[in-house]
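Chemist: From first to last, the protein sequence lines are chains G and E.
Just so we're on the same page, our numbering is the position in the first sequence counted from 1, plus 2.
Just so we're on the same page, our numbering is the position in the second sequence counted from 1, plus 3.
Glycine included, C-beta positions come from ideal geometry on N, C-alpha and C.
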Amino acid sequence: MTLLSVNNLITEFDTDEGRVRAVDDVSFEAHEGKTLGIVGESGCGKSVTALSIMRLLPQPMGQILSGSVLLDGTDLTDLPIPQMEKIRGARIGMVFQEPMTALNPVHTIGRQLTEVLLLHKDISHDEAIRQGVEVLDKVGIPSPDVRMTEYPHQLSGGMRQRVVIAMALACKPSLLIADEPTTALDVTIQAQILELIKNLQAEMGMSVILITHDLGVIAETCDDVVVMYAGKVAESGSVYDIFDRPNHPYTRGLLASIPTLNTPPKSRLNVIEGMVPGLLDLPKGCRFENRCPHRQDHCSQSVPLLETVGPDHHAACFRWEELRS
Amino acid sequence: MSTPILKVTDLKMHFPVKEGILLRASKYNRAVDGVSFEIQPGETLGLVGESGCGKSTLGRCIARLYKPTAGSIEFEGTEIANLRGKALLPFRQNIQMIFQDPMESLNSRHTVGDILEEPFIIHKIGDRAYRQKRVRELLDIVGLPARSVTRFSFEFSGGQRQRIGIARSIALNPRLIICDEPVSALDVSIQSQILNLLVDLQREFNLSYLFIAHDLAVVKHISDRIAIMYLGNIVEQAEGESMYHAPRHPYTQSLISAIPVPDPHRKVERHIIHGDVPSPINPPSGCRFHPRCPHVMDKCKVETPFLRPVGDHVVSCHLDMA
């Protein structure tokens, strides 16, 4: 069952140097109870996609130009602000990379947590505190009633991220969007947080959209994957499609360039030559054209569309079929 | 075995924590607390640990950006831990550093040419023509166009800036380079370019590296041997492959099982360790890992374990690993 579908989303920003298209014709679906991973390098538009879904683009520079974001059939892109505010926090929870910026340093954990509950639920203050303690306990914070009276700076990075997750989950949303939730954390703490999200998802049956640059995190946690490059979807499919049968040269290059525990020490790593084009001077044709080992003349002339290359597996490359053999 | 290029013995770096109205140092942050290891010529030692374990402080002590509190640092047989001023100058030529964020470690008011020429001026090497020739050579070695000389560091991308940082570090033909998280700030596709460059330079100039990072897959790729650090101490040392496939220390085991592996078919049982890293200002008694260790025994709470050989590893743990 599809919970959220993003269709032909285009998001633009006004900058000092001109208008840039950060998200260009992006479409994907998130299924009920499943985890969708969005992976890509810095500037590929993965975070802007999340902000567009939540309608949290910086104003007035950021704007959704066209496309739709359907949550259970309701288009979020043209919802009036007050109604959108009811959906944020209640139906869609969000977790950001840096927990310290997501928390207000001058308010106690308890106050920030009960604020979410009081805003979305018709409950008394005492009940909100009770539910707040309950959700802190659920995300594995020791002595949650004491923590309620403490301030964010009194907690470690991992504990703060647990608090942010508690806030995002307080109203039992059907979708959690996590934007690089573990990037600022150490690996042992990252493992704790990913495990926590996985367990809570199983318990509450929610869908998760996980945005990351780490292919290891994607492989271990996601059911479906969207690979983004320079504002566009390069490839999408199940996690097995992406890792076992990548069809886009960028996906292939990305997978080949990461050292794994099995690559011989000091061997040459595969590289993707060159660098990501700036959003102000994007190539006219395929965005990956200037770095692609398989480019042909027409790659720089027209833009490849996302084609079906297998069941629920799509890639935007002119040459996917011949390159496969 | 030949003489090691670097021999560190029982190195300590304690920072005073100033408190109260008189700002008296009542406590010490024991960032590095008794570390010993060696690096052979042409070898890479990977140093891995979580934030706050003291790995960067250790690197800065060896580059003598800090003066260590106690212990010895021998570079090619000469003690440099207590040298100061002019006496240090020749060692500064031989021990260089590459930093994590090239945006912060390169002066944005200087052109790339100025940045790369500066080491020669400081060490009074060559005339202007020679220096400019070397700058062009350096740019060529790290794969940047010669016209970069007149550009400023902010005109470059992250990966190119790191190339400038690397060019500066190899300018004076050093023997040892301390690489402090050199690829952590870079995108995946750029990271592999820089790792390849570091491996090439090592082969070409017979460099030794102390490679500090928290990404274990990257460290294993570039290192001959790996040392794992926890709260100011090295808890395990071994050759790279063996460290990965047969980790001995409970901390190394959980660290390795926590790395997400880019293979959806691998479904492993994780040993997730609970709790956070304790503060180095007030480290736990006995073994510093004991509050988080799944195999903790009574002995671990009171008695500090020392590094001892176990097979081809060196491990500091009370567990019987025979």
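(1) Could you tell me the alpha carbon to alpha carbon distance between alanine 168(G) and glycine 278(E), rounded to whole angstroms?
(2) What first and last residue would you give for the alpha helix (DSSP H) that runs through serine 260(E)?
(3) Closer than 9 Å, Cβ to any Cβ of chain C: which residues of the region 282 to 313 of chain G, in chain order?
(4) Just to confirm the assignment: which complete alpha helix (DSSP H) runs, minimum length 4, are found wholly within the region 138 to 225 of chain E?
(5) Return the chain-ordered list of same chain residues with a C-beta closer than 7 Å to the C-beta of aspartate 26(G), the five sequence neighbours on each side being excluded.
(6) Do threonine 76(G) and threonine 110(G) have their CB atoms nearer than 8 Å?
(7) For a contact meaning CB atoms closer than 8 Å, what does valine 8(G) contact in chain E?
(8) Name the chain G residues that come within less than 7 Å of isoleucine 275(E), Cβ to Cβ?
(9) So for leucine 5(G), helix, strand or coil by DSSP?
(10) Kindly list the residues whose CB is nearer than 6 Å to the CB of valine 238(E), restricted to its own chain and excluding five residues on each side of it in sequence; keep chain order.
(11) Alpha carbon to alpha carbon, how far is arginine 321(G) from isoleucine 89(G)? Give it in angstroms, no decimals.
(12) To the nearest angstrom, how far is the alpha carbon of aspartate 190(E) from that of isoleucine 213(G)?
(13) Looking at valine 41(G) and leucine 217(G), is the spacing between their C-beta atoms short of 8 Å?
(14) Are the Cβ atoms of isoleucine 244(G) and alanine 52(G) separated by less than 8 Å?
(15) For the structure I just gave you, are there three or more beta carbon pairs, one from the region 16 to 25 of chain G and one from the region 48 to 66 of chain G, closer than 8 Å?
(16) Does the ligand SAH have even one heavy atom less than 7 Å from the beta-carbon of glycine 49(E)?
(17) Mark leucine 187(G) as exposed unless 16 or more other C-beta atoms lie within 10 angstroms of its C-beta, in which case mark it buried.
(18) Residues of chain E with CB under 9 Å from aspartate 216(G), in chain order?
(19) DSSP three-state call for tyrosine 231(G): helix, strand or coil?
(20) Would you kindly report the start and end of the unbroken beta strand (DSSP E) that includes alanine 92(G)?
(21) State the DSSP-derived secondary structure class of tyrosine 242(G), mapped to helix, strand or coil.
(22) So who's on the other strand from histidine 17(E), going by DSSP bridges?
(23) From valine 145(E) to glutamine 205(E), what does the alpha carbon distance come to, in whole angstroms?
(24) Measure from the C-beta of lysine 58(E) to each C-beta in chain G and report whether the shortest distance is under 8 Å.
(25) What would DSSP say about proline 84(G), mapped onto helix, strand or coil?
(26) In chain G, which residues lie less than 7 Å from leucine 258(E) when you measure between Cβ atoms?
(27) Roughly how far, in whole angstroms, is the beta-carbon of threonine 184(G) from the beta-carbon of leucine 196(G), given that I think they are within contact range, below 8 Å?
(28) Helix, strand or coil, according to DSSP, for tyrosine 69(E) in the structure here?
(29) For the region 211 to 240 of chain G, which residues have a CB atom closer than 7 Å to at least one CB atom of chain E, in sequence order?
(30) Taking the CB atoms as reference points, tell me whether glutamate 182(G) and glutamine 99(G) lie closer together than 8 Å.
(31) If valine 222(E) sits next to glycine 49(E), beta carbons under 8 Å apart, how far is it from one beta carbon to the other, in whole angstroms?
(32) For leucine 325(G) versus alanine 318(G), is the C-beta spacing smaller than 8 Å?
(33) Using three-state DSSP, classify histidine 33(G) as helix, strand or coil.
(34) Nearest chain E C-beta to arginine 270(G) closer than 8 Å, yes or no?
(35) Can you list, in chain order, the residues of its chain whose CB lies under 6 Å from that of lysine 216(E), leaving out five sequence neighbours each side?
(36) Helix or strand or just coil, what does DSSP make of threonine 6(E)?
Modeler: In terms of the structure at hand:
(1) Their backbone Cα atoms lie some 18 Å apart in a straight line.
(2) Element bounds for serine 260(E): 253 to 261.
(3) Structure shown: chain C not included; protein chains present are G and E.
(4) List check, alpha helix (DSSP H) in window: 161 to 173, 191 to 208, 219 to 225.
(5) Contacts found: Ile12, Gly233, Lys234.
(6) No; because the gap between Cβ atoms is not below 8 Å, this pair is not in contact.
(7) Neighbours of valine 8(G) in chain E, taken as residues at a C-beta separation under 8 Å, are lacking, since the least C-beta distance is about 23 Å.
(8) For isoleucine 275(E), the C-beta contacts it makes with chain G under 7 Å involve Ala193, Gln194, Glu197, in order along the chain.
(9) In the displayed model, leucine 5(G) falls within a strand according to three-state DSSP.
(10) Result list for valine 238(E): Ile231, His252, Tyr254, Ser319, in chain order.
(11) When rounded, the separation of the alpha-carbon atoms in isoleucine 89(G) and arginine 321(G) is 42 Å.
(12) Roughly 15 Å separates the two Cα atoms.
(13) Cβ distance < 8 Å, so leucine 217(G) and valine 41(G) count as in contact.
(14) No, Cβ-Cβ distance for isoleucine 244(G) and alanine 52(G) is not below 8 Å.
(15) Yes, since at least three Cβ pairs between the region 16 to 25 of chain G and the region 48 to 66 of chain G fall closer than 8 Å, the two stretches touch.
(16) In the structure shown, the ligand SAH is absent, as is every other ligand, since no ligand is present at all.
(17) With 16 or more Cβ atoms within 10 Å of its Cβ, leucine 187(G) is classed as buried.
(18) Result: Val191, Pro263, Pro265.
(19) If DSSP states are grouped into helix, strand and coil, tyrosine 231(G) belongs with the strands.
(20) Secondary structure note for alanine 92(G): it is in no beta strand (DSSP E), with a DSSP letter that is neither H nor E.
(21) DSSP places tyrosine 242(G) in helix when its eight states are reduced to three.
(22) Beta-bridge partners of histidine 17(E) (DSSP): Arg33(E).
(23) If you take the alpha carbons of valine 145(E) and glutamine 205(E), they lie about 12 Å apart.
(24) Not one chain G Cβ lies under 8 Å of lysine 58(E).
(25) In the three-state scheme derived from DSSP, where H, G and I count as helix and E and B as strand, proline 84(G) is classed as helix.
(26) Against leucine 258(E), the close residues of chain G are Val189, Thr190, in the order they occur along the chain (beta-carbon pairs closer than 7 Å).
(27) The pair is a contact, with the Cβ atoms about 6 Å apart (cut-off 8 Å).
(28) The answer is coil: DSSP assigns tyrosine 69(E) none of H, G, I, E or B.
(29) Of all residues in the region 211 to 240 of chain G, only His215, Asp216, Leu217, Gly218, Val219, Ala221, Glu222 come within less than 7 Å of chain E when Cβ atoms are compared, listed by chain position.
(30) Annotated as proximal: glutamate 182(G) and glutamine 99(G), with beta-carbon spacing under 8 Å.
(31) About 4 Å; that satisfies the 8 Å criterion.
(32) At a Cβ-Cβ threshold of 8 Å, leucine 325(G) and alanine 318(G) do not count as neighbours.
(33) Here histidine 33(G) sits in strand by DSSP.
(34) Arginine 270(G) belongs to the set of residues whose beta carbon lies under 8 Å from a beta carbon in chain E.
(35) Correcting the residue identity first, residue 216(E) is alanine in this sequence and not lysine. Within its own chain, the residues whose Cβ lies closer than 6 Å to the Cβ of alanine 216(E), once the five positions on either side in sequence are excluded, are Glu184, Val222, listed in chain order.
(36) Of the three classes helix, strand and coil, the one that applies to threonine 6(E) here is coil, per DSSP.
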